[in-house]
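Chains as they are written, first to last, in my numbering: chain S, 39 to 124; chain U, 1406 to 1906; chain F, 1319 to 1565; chain W, 48 to 169.
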Amino acid sequence: MSPNNILILSVTLAMLAGAAAVVSIRSLIGAAILEGVVSLMAALLFLQMSAPDVAITQAVIGAGLSTSLFVIALRRSNSGQEDSDE
Amino acid sequence: MKYSIFLIVAPMAMAFLVPFLGHVMPALSKGLSFLTALAGTVLSVFLLITYKTPFTVIMGGWIPPFGINLHVDMLSLLFATVVYGAVTLGIAFQLSSVVVKKPYFYMLILLLLTSLNGMILTGDLFNLFVFMEIAGISSWALIASGNKTAGVRGALQYMVVASLASVAYLAAIAIIYSSTGTLNMAQISGGLREMNSAMAALAVLLILASLFTEMEIFPFNSWVGSAYRGAPSSISGLLSSAVALAGAYAMLRISYIVFGAGMGNIIRFGSFNITSILFWMGVVTVVTGEASAFTQKDAKRMLAWSSVGQMGMILMAIAIASEKSIYGAVFALITHSISKLLLFMIVGRLVSATGTSDWTRWKGIGRKNSILGIFFIIGALGVTGIPLFAGFWGKFTIIGSAFKSTGSSYLGVYIILAATVMEAVYFLRLAHALFEEPERKPGKVNTGIVFWTCTTLLALAVVIIGVFPAPLDRKIKKIPSELRGDNTSGYISTVYKAMGR
Amino acid sequence: MNKIAAILMIGIISYGVYAAFSSTQPGSKPFKRKAQNDVSRAYLAKTVNGKKHSSIMRGMKGLENSSSNIVTAVVLDYRGFDTLGEVTVLFAAIAGIGLLLGGQKKRVITPAGPIISSLAPWIALFILITSAYVFLHGHLTPGGGFPGGAMIAAGFLLMVLGFRTKPSGVFRMLESFAGLSFVLVGLLGFLKKGSFLQNFMGTGEMGSLFGSLFITVLYAIIGIKVAAELSSGFGSFVKEDLEEEHE
Amino acid sequence: MNNPVFLFGIGAFALMMIGLYGVLTHKNIFRLILSLGLMETGVNLFIVAASYWDGVRAPILGKIFNVKTADSYADPLPQALVLTSIVIGLGVTALALALMIKYREGTGTLEMEDKREEEVEE
């Protein structure tokens, strides 16, 4: 395995771990922030796939704006930190 | 003929103008929205009258498959006309109703109009996705604009299902593009057969799943009841008569052009056969849709599930895939749009007059407003498909084509007949309630010149098409041969001509 | 739906995808690329209109478009109609937000702490310059109108947090104006060249800053539109947010 | 494992499936929206990965571009599609969050299954 592949593998695994945390973590705000982390990892993968345009857009829109939007909307909907789902 | 781009661009430009006008003169923006839709209707009728052969309009000056192309033929022009007509009447109806809506409301209707026409005219698989998303976003916002929690809940349910559908659609695009190297529908039609057949089957299943959501096919239609109920009545009418129509159009187009190059030639991928999947989904949808409509005490939900039943019947016709069944499907779609819009308009006014959408509490309203009651019966007979009313011809042809086909399709005859009986029972039950002896004094129904114009036009259309189907018949007769890929006026050869091959 | 059913469903889907990908029947498949296909090869070599070049050099003129970033060329030139649709999606979403959340009680905005309010203008200025660079160089370097506009909107969000700036109707106007100009550019192409959204400004030198005027103009419009849209739309989330904090 | 293409593809598919699991098991609207976002990111990765192959360059032409070397560049079309798809995803997310806020104002909860029906009047 080349060093590049190891990098790709670790980014992919980090992304998947973040995603698994998003669907299982109790805190809603934590899930929103982890979603941003997943987007950032995806942006890194786009960069690895020679798609710099997509990577920039994903980083700015997916990781930046979407995450802040999630947090703002969550505060606006005035919900507590607990998830009553479980 | 290249002016057909204005069918998409004009409402879009007007929608962009609304925030500006809404700031200066809200009333003007509403009026102009209506006029834009009206002008589009005139344009589409004009194009329909002067139409001779199918043609391709290229965008950006790039020939397909490099650029995006619009494909204009009898099928797309007819459906564009119906969508324009329905939306124009829907805007008029909303303008005349007591609830005052913000300019944004009309702007979203214009965007819905843009996107439905885009879905109908485009010849590019990804462009279809973009327009489907615009249609989705504008209809969620419109459904929730009723300011009732039921509408918001319906919109959210629709949003979740439709987002899953769009993910499936994008995955299918990824598979198809990376195997065939093109996004143009006409080219994919050839490329799909060069694909590994298991891969092609996977892509086709993903696309079908997403189109079933647009077309309200079971089991992708759980959102239908609450969305139709919570939406303002004008929007419920448009969902049934325009949005579902565009979904059915996409289904027709994709299943004939993309999946099978022509009629009766729907592709088999190894042991996987689309025809039987479509047919059985249609059967299940008819049964569940009509059964749910039968049990509803809520008039709007009842109409919603009745639409689902109709869409199931049309899916069955698409699956039978004979020249006759296509004719029947197109006819039934058009007449269903007209009759359902009429029914939703009347029900909308009854809901606002009585404050409830439970039809068992509408007893006796028809006695005081007899014309309204008669219009309701006309609409109901139009949907049901009783002879001398518009719905008859489509249903009759579909049953006829099911008779001629062999195998399981023959079952379609019984299913459709049984569904017709159920439809007749639940509509006449409601109509009977309207003319029953009232328990208490029925309220006054708020009508007006605009309302009467809209409903009279629609009711007349139902009766005239039922008695003299000839003009519509002449137009629809052209469609089966144009859908077929192998002749010179077919879809695929038209697009290939534009490619310069 | 309970978890076991969900896992079962995912298992079925995964098996189906696995079966499709491991099928040994003949025919083309994704991830196993044949020679690069016609469409994207023509985009890369700029031979869509049939003119062949042996090689393309920086500074060359008379190409079908002079953008060296091919993704930008695809987004704005070859498939510009998709991008108009994309802009419309955002427009519809923001309109929907306006319809659902707009027009409520009077808003009070509380100022942020001293650190943010003193740093905010400088950061915002920096973001503004960067984003202008991003969308003006869209045809040369990665980036373009969408990330550029989103960056401006982020800067604006910072201004809202830092000052008592209220997002006003100006944004709606700007958005409306930018959307109309996009359609207008398309219609000018239609009138001058016969096809909607066709490049009517000609192509210049490949690789120069103002070599592809058409793309630069469209990206500037998109940048302004996205910035205005996101600022006004997200403003309507933020405003209420701050107000609730105040109460 | 030596070819990263499959790594990208499997990663993208796994992300979609995790998102689907979230959509199927949660009733909380906020979580539904987050899970749909995961699925969107996954499908975007999938689109680019399906047309990617090892060792290609970004589709930005250098000083000299030779037609014969076109194969050494990444396919620009899927990247353009994903660009569009990301922005569309943002629009959908924003509207969905607005719907969520509205729902919360109406019902006081973020859970979906509240079956209570209220009268509609127009």
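A virtual CB, placed ideally from N, CA and C, is assigned to each residue, including glycine. Values in this document were obtained by computation on a predicted structure and should not be read as measured data.
Query, Result
"Within 8 Å of chain F by C-beta, residues of the region 1747-1758 of chain U in sequence order", "none"
"For L1475 (chain U): DSSP bridge partner residues", "U:V1462, U:T1527"
"Exposed unless 16 or more other CB atoms sit within 10 angstroms - verdict on K1510 (chain F)", "exposed"
"Minimum length 4: unbroken alpha helix (DSSP H) runs contained in the region 1798-1853 of chain U", "1816-1839"
"Supposed close pair S1639 (chain U), F1498 (chain U) - CB separation, criterion 8 Å", "5 Å"
"Same chain, Cβ closer than 6 Å to N1907 (chain U), neighbours up to 5 away in sequence not counted", "An answer regarding residue 1907 (chain U) cannot be provided, because it is not within the stretch 1406 to 1906 covered by chain U."
"Exposed unless 16 or more other CB atoms sit within 10 angstroms - verdict on R1834 (chain U)", "exposed"
"Straight-line Cα distance separating E1887 (chain U) from L1536 (chain F)", "37 Å"
"N-terminal and C-terminal residue of the beta strand (DSSP E) that N113 (chain W) is part of", "111-113"
"Burial state of T1765 (chain U), where buried means 16 or more other Cβ atoms lie within 10 Å", "exposed"
"Chain F contact for V98 (chain S) (CB, 8 Å cutoff)", "yes"
"Neighbour list for F1531 (chain U) in chain W, Cβ cutoff strictly below 8 Å", "L128, T131"
"CB-CB length for G1561 (chain U) against L146 (chain W), believed under 8 Å", "As written in the sequence, residue 1561 (chain U) is Leu, which differs from the Gly given in the question. Right, the Cβ-Cβ distance comes to about 5 Å (below 8 Å), so this counts as a contact."
"Complete beta strand (DSSP E) runs within the region 46-121 of chain S (minimum length 3 residues, chain order)", "none"
"Simplified DSSP state of T1407 (chain U), which is helix, strand or coil", "The question names Thr, yet the displayed sequence has Lys at residue 1407 (chain U). DSSP places K1407 (chain U) in helix when its eight states are reduced to three."
"For I1374 (chain F), the first and last residue of its enclosing beta strand (DSSP E)", "1373-1375"
"Chain W contact residues for S1384 (chain F), given Cβ-Cβ distances below 9 Å", "Those do not exist, as S1384 (chain F) stays about 10 Å from chain W at its closest Cβ, beyond 9 Å."
"DSSP bridge partner residues for E158 (chain W) (one or two, in chain order)", "W:N75"
"Cβ of T156 (chain W) within 8 Å of any chain U Cβ", "no"
"Where Y1633 (chain U) meets chain W, residues with beta-carbon distance less than 9 Å", "Going along chain W, no residue has its Cβ under 9 Å from Y1633 (chain U), so there is no contact; the nearest lies around 11 Å."
"Range covered by the alpha helix (DSSP H) that runs through P1876 (chain U)", "1875-1888"
"Buried versus exposed, by CB contacts within 10 Å (16 or more), K1424 (chain F)", "Residue placement at K1424 (chain F) is flagged as unreliable, the pLDDT there being 41, under the threshold of 50; a coordinate-derived value is accordingly withheld."
"Residue from U:I1682, U:S1615, U:D1763, U:K1407 with nearest C-alpha to A1653 (chain U)", "U:S1615"
"Neighbour flag for A1337 (chain F) against chain S, beta carbons, 8 Å", "no"
"DSSP three-state assignment for N1678 (chain U), whether helix, strand or coil", "strand"
"7 Å Cβ shell around F1749 (chain U) - same chain, five flanking residues per side excluded", "S1638, S1641, G1642, S1645, L1708"
"Other residues of its chain near G1551 (chain U): CB distance less than 7 Å, five sequence neighbours each side excluded", "G1635, A1636, P1637"
"Contact set between the region 1389-1409 of chain F and chain U, restricted to residues whose Cβ is under 8 Å from the partner", "D1395, Y1396, R1397, G1398, F1399, D1400, L1402, G1403, E1404, T1406, V1407, F1409"
"Contacts around L78 (chain S), its chain only, beta-carbon distance under 7 Å, and the 5 residues preceding and following it disregarded", "A97, A101"
"Residue from U:L1607, U:G1630, U:V1735, U:S1583 with nearest C-alpha to L1657 (chain U)", "U:V1735"
"Chain W residues whose Cβ lies nearer than 8 Å to that of P90 (chain S)", "A105, I107"
"Residues near A1468 (chain F) in its chain [Cβ-Cβ closer than 7 Å; skip 5 each side]", "V1544, L1548"
"Beta bridge counterpart(s) of S1346 (chain F) as assigned by DSSP", "U:M1600"
"Residues that I107 (chain W) bridges to, as DSSP identifies them", "F:N1387"
"The region 113-126 of chain W in contact with the region 77-94 of chain S per 3-pair CB rule at 8 Å", "yes"
"Whole-angstrom distance between G1497 (chain F) and T1527 (chain U), CA atom to CA atom", "21 Å"
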